[in-house]
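At position 53 of the sequence shown (counting the first as 1) the number is 54 in this note's numbering, and the numbers step up by one without a gap. Cβ coordinates follow ideal geometry from the N, Cα and C atoms, glycine included. Structure, as structure tokens:
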Amino acid sequence: YFFVVENSLEDYEWLKNHFDLEDIIYHPHIHITFLDYFIPKLKQTYIPQLHGDFVYAPLRSWLDQIQKNDCNFSKKLEEYISELSSDMATQAHFGKQWFGNFFINLACIFDKQTTIKTTASKVIITAAGPSLEHFLPQIQAKKQTSDYFLIATDTSVPVLRKWGIHPDVAVCIDSQIHSKNHFFIDSSSKEHLKNTIFAFDLCVSPSVVATVRAKGSEIFFFRNNNPLSTLFSRFITQNADQEIPLLNTG
Numbered sequence: 002y003f004f005v006v007e008n009s010l011e012d013y014e015w016l017k018n019h020f021d022l023e024d025i026i027y028h029p030h031i032h033i034t035f036l037d038y039f040i041p042k043l044k045q046t047y048i049p050q051l052h053g054d055f056v057y058a059p060l061r062s063w064l065d066q067i068q069k070n071d072c073n074f075s076k077k078l079e080e081y082i083s084e085l086s087s088d089m090a091t092q093a094h095f096g097k098q099w100f101g102n103f104f105i106n107l108a109c110i111f112d113k114q115t116t117i118k119t120t121a122s123k124v125i126i127t128a129a130g131p132s133l134e135h136f137l138p139q140i141q142a143k144k145q146t147s148d149y150f151l152i153a154t155d156t157s158v159p160v161l162r163k164w165g166i167h168p169d170v171a172v173c174i175d176s177q178i179h180s181k182n183h184f185f186i187d188s189s190s191k192e193h194l195k196n197t198i199f200a201f202d203l204c205v206s207p208s209v210v211a212t213v214r215a216k217g218s219e220i221f222f223f224r225n226n227n228p229l230s231t232l233f234s235r236f237i238t239q240n241a242d243q244e245i246p247l248l249n250t251g
């Protein structure tokens, strides 16, 4: 799996006009791109688990030229590799748990998938943080009108509930079982969550999914960009004419 990076489209066109590049251009494991598009293209196509270690091997003359143009290419590449390494460390730590959760939750995918619809013209999104409590009076007032649709992360739900604020959608991406503690803390939970749709990543704890279903709440599943979810999404789209929505969770 190779990335060939040229300075610009003009340079690439010049090379095509002067050299026979067909074997490179049409090779299934070679991607040709340009400086400005390299990092986005790399994020889109490079999967370390499938393609192995990343090796940066620039020609010296090419490297001198881009440094002269001060395009910060090497710095941008280092930042991306650092970000990728951090992500890989997280996957190594939680990978087994994600894997197990994913396959247990698959059975729920083939049930009727809830759709999220609203006639509201504005959306409020809440997350746990020091500024949330400051804005709670405004959120409470706005939520009492039909103009606002409230989406809450799981960690912000307990704070909203204390103010009697019912989110329209509660989002959870956490693979650990303690996530359900954000939703169910007393005997009134069932009534409180009755009209809330739970948007779950496919890798959330199956215990959370089972508890929400037992309470009679509706569930909306989405996927992230991990290789397993991507592979399954392609399969189900091709074979079951069903699409799993993608949510980039960072």
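Item: Whole-angstrom distance between K17 and E11, CA atom to CA atom; Value: 10 angstroms
Item: Cβ distance (whole Å) where I152 is taken to contact P131 below 8 angstroms; Value: 20 angstroms between Cβ atoms; not a contact.
Item: Residue burial classification, R61 (beta-carbon count within 10 angstroms, cutoff 16); Value: exposed
Item: Three-pair Cβ contact test at 8 angstroms for the region 114-126 versus the region 216-226; Value: yes
Item: Extent of the continuous alpha helix (DSSP H) run through A215; Value: 207-215
Item: Environment of H52 [buried if 16+ CB atoms lie within 10 Å]; Value: exposed
Item: Contact check, A171 vs T146, beta carbons under 8 angstroms; Value: no
Item: Nearest residue (CA-CA) to F3, options L36, W15, Y57, Y38; Value: Y57
Item: Where W15 falls, given that 16 or more other Cβ within 10 Å makes a residue buried; Value: exposed
Item: Spatially closest choice to K143 from I166, H135, A128, E134, by CA coordinates; Value: I166
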